[in-house]
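Chemist:
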Amino acid sequence: MPGVLDLVGIFVFAVSGALAAVQKRLDVVGMVVLAEITALGGGILRDLVIGAVPPVAFTSVSYVVVPLLASALVFFWHPHFTRIMPAVMLFDAAGLGLFCVTGAIKALDYHLSPLHAVLLGVITAVGGGILRDMMSGQIPSVLYDRQLYALPALVGATVATALWQQPQLHGVFVSAGSALLAFGLRVAAMRWNWRTPRARGVGD
Amino acid sequence: MPGVLDLVGIFVFAVSGALAAVQKRLDVVGMVVLAEITALGGGILRDLVIGAVPPVAFTSVSYVVVPLLASALVFFWHPHFTRIMPAVMLFDAAGLGLFCVTGAIKALDYHLSPLHAVLLGVITAVGGGILRDMMSGQIPSVLYDRQLYALPALVGATVATALWQQPQLHGVFVSAGSALLAFGLRVAAMRWNWRTPRARGVGD
Amino acid sequence: MPGVLDLVGIFVFAVSGALAAVQKRLDVVGMVVLAEITALGGGILRDLVIGAVPPVAFTSVSYVVVPLLASALVFFWHPHFTRIMPAVMLFDAAGLGLFCVTGAIKALDYHLSPLHAVLLGVITAVGGGILRDMMSGQIPSVLYDRQLYALPALVGATVATALWQQPQLHGVFVSAGSALLAFGLRVAAMRWNWRTPRARGVGD
Numbered sequence: 001m002p003g004v005l006d007l008v009g010i011f012v013f014a015v016s017g018a019l020a021a022v023q024k025r026l027d028v029v030g031m032v033v034l035a036e037i038t039a040l041g042g043g044i045l046r047d048l049v050i051g052a053v054p055p056v057a058f059t060s061v062s063y064v065v066v067p068l069l070a071s072a073l074v075f076f077w078h079p080h081f082t083r084i085m086p087a088v089m090l091f092d093a094a095g096l097g098l099f100c101v102t103g104a105i106k107a108l109d110y111h112l113s114p115l116h117a118v119l120l121g122v123i124t125a126v127g128g129g130i131l132r133d134m135m136s137g138q139i140p141s142v143l144y145d146r147q148l149y150a151l152p153a154l155v156g157a158t159v160a161t162a163l164w165q166q167p168q169l170h171g172v173f174v175s176a177g178s179a180l181l182a183f184g185l186r187v188a189a190m191r192w193n194w195r196t197p198r199a200r201g202v203g204d
Numbered sequence: 001m002p003g004v005l006d007l008v009g010i011f012v013f014a015v016s017g018a019l020a021a022v023q024k025r026l027d028v029v030g031m032v033v034l035a036e037i038t039a040l041g042g043g044i045l046r047d048l049v050i051g052a053v054p055p056v057a058f059t060s061v062s063y064v065v066v067p068l069l070a071s072a073l074v075f076f077w078h079p080h081f082t083r084i085m086p087a088v089m090l091f092d093a094a095g096l097g098l099f100c101v102t103g104a105i106k107a108l109d110y111h112l113s114p115l116h117a118v119l120l121g122v123i124t125a126v127g128g129g130i131l132r133d134m135m136s137g138q139i140p141s142v143l144y145d146r147q148l149y150a151l152p153a154l155v156g157a158t159v160a161t162a163l164w165q166q167p168q169l170h171g172v173f174v175s176a177g178s179a180l181l182a183f184g185l186r187v188a189a190m191r192w193n194w195r196t197p198r199a200r201g202v203g204d
Numbered sequence: 001m002p003g004v005l006d007l008v009g010i011f012v013f014a015v016s017g018a019l020a021a022v023q024k025r026l027d028v029v030g031m032v033v034l035a036e037i038t039a040l041g042g043g044i045l046r047d048l049v050i051g052a053v054p055p056v057a058f059t060s061v062s063y064v065v066v067p068l069l070a071s072a073l074v075f076f077w078h079p080h081f082t083r084i085m086p087a088v089m090l091f092d093a094a095g096l097g098l099f100c101v102t103g104a105i106k107a108l109d110y111h112l113s114p115l116h117a118v119l120l121g122v123i124t125a126v127g128g129g130i131l132r133d134m135m136s137g138q139i140p141s142v143l144y145d146r147q148l149y150a151l152p153a154l155v156g157a158t159v160a161t162a163l164w165q166q167p168q169l170h171g172v173f174v175s176a177g178s179a180l181l182a183f184g185l186r187v188a189a190m191r192w193n194w195r196t197p198r199a200r201g202v203g204d
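Protein chains in written order, with UniProt numbering: chain F, 1 to 204; chain R, 1 to 204; chain P, 1 to 204.
#1: Just checking my contact of Ala-52(R) with Ile-10(R) at CB under 8 Å: how many whole Å lie between their CB atoms?
#2: Does any residue of chain F bring its CB to less than 8 Å from the CB of Thr-59(R)?
#3: CA-CA distance, Arg-46(F) and Phe-76(R)?
#4: With a cut-off of 8 Å, does the C-beta of Ser-136(R) fall near any C-beta of chain P?
#5: For Gly-30(P), go through chain F and note every residue whose CB falls closer than 7 Å to its CB, in chain order.
#6: Please report whether the beta-carbon of Thr-196(F) lies at a distance below 8 Å from any beta-carbon of chain P.
#7: Count the CB pairs spanning the stretch 168-178 of chain F and the stretch 97-115 of chain F that are closer than 8 Å, and state whether there are at least three.
#8: What are the boundary residues of the alpha helix (DSSP H) that Val-172(R) is part of?
#9: Please report the residue range of the alpha helix (DSSP H) in which Val-7(R) lies.
#10: Should the stretch 151-160 of chain P be regarded as contacting the stretch 184-200 of chain P, the criterion being three or more beta carbon pairs within less than 8 Å?
#11: For His-170(F) and Tyr-110(F), I'd like the C-alpha separation in whole angstroms.
#12: Of the residues that make up the stretch 116-131 of chain F, which ones have a beta carbon closer than 8 Å to any beta carbon in chain P?
#13: With 16 other CB atoms within 10 Å as the buried threshold, where does Val-65(F) fall?
#14: Output the boundary residues of the alpha helix (DSSP H) element that contains residue 213(R).
#15: Output, in chain order, the set of chain R residues within a Cβ distance shorter than 7 Å of Leu-26(F).
#16: Which of helix, strand or coil does DSSP assign to Val-142(F)?
#17: Within its chain, find whatever has a CB closer than 6 Å to the CB of Met-1(F); leave out the 5 residues flanking it on each side and keep chain order.
#18: Excluding five sequence neighbours on each side, which residues of the same chain lie with their C-beta closer than 7 Å to the C-beta of Ala-179(F)?
#19: Using beta carbons (cut-off 8 Å, strictly below), is Val-202(F) in contact with chain R?
#20: Counting C-beta neighbours from all protein chains within 10 Å, is the total for Thr-196(R) 16 or more, i.e. buried, or is it exposed?
#21: Terminal residues of the continuous alpha helix (DSSP H) containing Ala-39(R)?
#22: Where does the unbroken alpha helix (DSSP H) through Val-122(P) begin, and where does it stop?
#23: Tell me whether Gln-165(P) sits in a helix, a strand or coil according to DSSP, three-state version.
#24: Examine chain P for any beta-carbon lying closer than 8 Å to the beta-carbon of Ile-48(R), and answer yes or no.
#25: For chain F, check one thing: does any of its Cβ atoms lie closer than 8 Å to the Cβ of His-78(P)?
#26: Does any residue of chain R have a CB that is nearer than 8 Å to the CB of Ile-139(P)?
#27: Do you know offhand how far Thr-82(F)'s Cα is from Val-88(F)'s?
#28: Which one of Tyr-149(P), Arg-198(P), Asn-193(P) has the shortest CA to CA distance from Leu-181(P)?
#29: Excluding five sequence neighbours on each side, which residues of the same chain lie with their C-beta closer than 8 Å to the C-beta of Gln-165(P)?
#30: For Leu-7(R) versus Arg-132(R), is the C-beta distance shorter than 8 Å?
#31: If you measure from the beta carbon of Pro-2(F) to each beta carbon in chain P, is any gap under 8 Å?
#32: Note down, in chain order, every chain R residue with its Cβ under 7 Å from the Cβ of Phe-75(F).
#33: Which whole-angstrom value describes the C-beta separation of Pro-67(F) and Glu-36(F), a residue pair presumed to lie in contact below a C-beta threshold of 8 Å?
#34: Keeping to the same chain, check which residues put their C-beta closer than 6 Å to that of Val-32(R); ignore five residues upstream and five downstream.
#35: Trp-194(F) to Gln-147(F), Cα distance in whole Å?
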């Protein structure tokens with residue numbers, strides 16, 4: 001069951017990578033590379049840091065195949081994806097919520113401190129998008145677009161990490177609940193246009 | 001003998017990095033950094049992923065020295081390199097063919113699945129060029145230039161990986177043959193200007 | 001005592017990252033990300049390469065907290081930092097000197113060759129700044145600004161590595177002396193505007 005959710009997260013992140021490639025008029029190679037890196041990049045960074053090598057992306061066949069599938073869909077039907085963008089954004093929020101929680105819990109499994117587990121949860125959730133933007137030749141959108149994107153991941157990873165300190169709380173309810181919290185915060189931030197500030201005096 | 005071929009691949013990739021630095025009017029530090037990262041980046045990424053640390057670039061002296069030599073040559077004689085660009089492109093194709101095969105086989109040695117060995121072969125072959133372009137402030141050319149560059153590497157890595165499944169086929173003939181195939185495809189793609197498509201409807 | 005110096009280096013590098021974020025009009029998330037990556041990126045790269053996982057940035061709480069502190073200071077008082085830029089540049093030179101030496105010595109501790117220890121010393125010193133610039137959407141300044149920045153790190157790492165070959169020279173005097181040398185070279189290069197050349201004939 002978490003396996004299925006992981007693959008859903010990978011699929012939506014891959015779609016966002018492939019759509020970025022269409023927007024930049026990249027070719028099919030660029031689509032596949034951006035789809036793979038967006039979907040798998042955050043988890044690969046996390047696994048390299050905690051020493052879980054080869055990273056799961058290099059041991060699981062479905063982790064590699066799902067972004068190929070997403071690329072094929074976007075290749076043929078990308079105008080439809082642009083039309084259903086609100087739905088894609090919802091799935092992206094689901095991926096964000098899921099990845100920040102699974103990333104933090106995996107880091108705890110590898111005996112990192114709670115602070116660093118939270119950090120790795122956020123890296124897992126936003127790392128792929130950062131790599132996608134860097135490879136597309138633009139500043140990572142998470143650094144400037146002022147939408148709440150990293151912060152919901154921070155909250156989800158923090159709550160999951162805090163609850164995980166109690167062994168009797170380990171389980172799918174805590175992880176699903178934390179992921180839902182991050183998902184809800186992200187959706188609320190999109191709905192009511194919550195924004196992060198710039199440095200004092202830099203202005204809007 | 002494979003050692004010599006590896007160094008030839010490193011040399012030509014380093015030349016392409018140093019020439020990119022000249023084109024961007026970088027200084028000598030930029031030339032050396034781009035030469036090293038272009039030549040060694042793909043292999044470093046592969047070794048980090050499979051857990052072969054320190055990566056071979058950090059244990060072999062000649063891996064580091066050859067890009068320095070390439071930088072020195074480009075520093076003094078870069079106009080000549082621009083003139084012999086067709087030859088440089090041939091060597092680059094040789095490096096591509098060689099790296100995709102050695103990368104895939106090394107991944108198999110580290111017990112990765114055939115699918116992931118192919119993936120790592122391609123990463124070894126194109127990773128350095130991607131890092132070079134990202135550090136030069138441009139979208140990696142492999143993502144958009146529509147020339148067949150990643151695909152010959154994919155074919156070479158796939159053939160090498162498939163044949164390597166039979167232990168009795170392990171050896172220099174299979175690896176050299178696969179590298180030659182990737183090299184030939186790349187050269188043919190340059191000769192007849194084969195191109196990869198963009199997403200349906202994005203047009204030329 | 002070296003611990004304190006490390007944190008000073010991290011602090012000043014984090015300040016440079018946060019100031020880059022202000023300059024690019026990034027939001028508070030961008031400030032924190034650039035501060036962390038500038039301060040910790042070089043050391044993380046070094047630790048991944050030598051196999052010291054998790055990297056020290058993911059085991060030490062203060063390594064993560066100090067850049068947060070630097071971000072908060074820049075968030076509220078960044079105009080003051082711009083005014084005291086010469087002092088910030090001095091501290092940055094101190095961080096450069098310190099990181100190139102500690103990076104090289106840590107690599108020697110992990111049994112890398114002297115050549116590769118020097119290389120990793122330079123990567124530790126300049127890696128964070130390179131990642132900062134790549135994430136800010138610009139060519140890493142170390143590649144083109146022609147000021148002596150990487151070269152003092154190269155000298156400091158080389159001297160530290162050479163002296164460290166004699167076990168009886170291991171100690172704080174040699175490391176502090178090598179760091180001071182790199183620091184002094186960097187300050188002198190700023191003071192007298194020493195510059196690195198471009199490739200022959202590319203001109204000024």
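Glycine is no exception: its CB is placed at the ideal position from the N, C-alpha and C atoms.
Modeler: This is what the structure holds:
#1: The Cβ separation is near 17 Å, so there is no contact.
#2: no
#3: CA-CA distance, Arg-46(F) to Phe-76(R), rounds to 42 Å.
#4: Closer than 8 Å to some Cβ of chain P, the Cβ of Ser-136(R) qualifies, so yes.
#5: Under the 7 Å cutoff, chain F gives Leu-143, Tyr-144.
#6: yes
#7: yes
#8: First-last of the alpha helix (DSSP H) with Val-172(R): 172-192.
#9: Checking the sequence, you will find Leu at residue 7(R) rather than Val. Its alpha helix (DSSP H) spans residues 2-23.
#10: yes
#11: Each residue's Cα considered, the two are about 15 Å apart.
#12: His-116, Leu-119, Leu-120, Ile-130
#13: exposed
#14: This structure gives no information on residue 213(R), because the portion of chain R shown stretches from 1 to 204.
#15: Leu-143, Tyr-144
#16: helix
#17: Because the pLDDT at Met-1(F) is just 43, under 50, the model does not fix this residue reliably, and the value given afterwards should be weighed accordingly. Close CB contacts of Met-1(F) within its chain, under the 6 Å cut and outside five residues either way in sequence, are absent.
#18: Gly-97, Leu-98, Val-101, Gly-156
#19: no
#20: buried
#21: 28-50
#22: 114-135
#23: coil
#24: Correcting the residue identity first, residue 48(R) is Leu in this sequence and not Ile. Taking Cβ atoms only, chain P reaches closer than 8 Å to Leu-48(R), which makes this a yes.
#25: yes
#26: yes
#27: 9 Å
#28: Tyr-149(P)
#29: Pro-114
#30: no
#31: In this predicted model, Pro-2(F) has a pLDDT of only 49, less than 50, meaning its place in the structure is not dependable; the value taken from the coordinates is given anyway. It does not; no Cβ of chain P falls within 8 Å.
#32: Chain R residues near Phe-75(F): Ala-199, Arg-200.
#33: 5 Å
#34: Within the same chain, Val-32(R) has close Cβ partners Ser-71.
#35: Between Trp-194(F) and Gln-147(F), the C-alpha separation is close to 6 Å.
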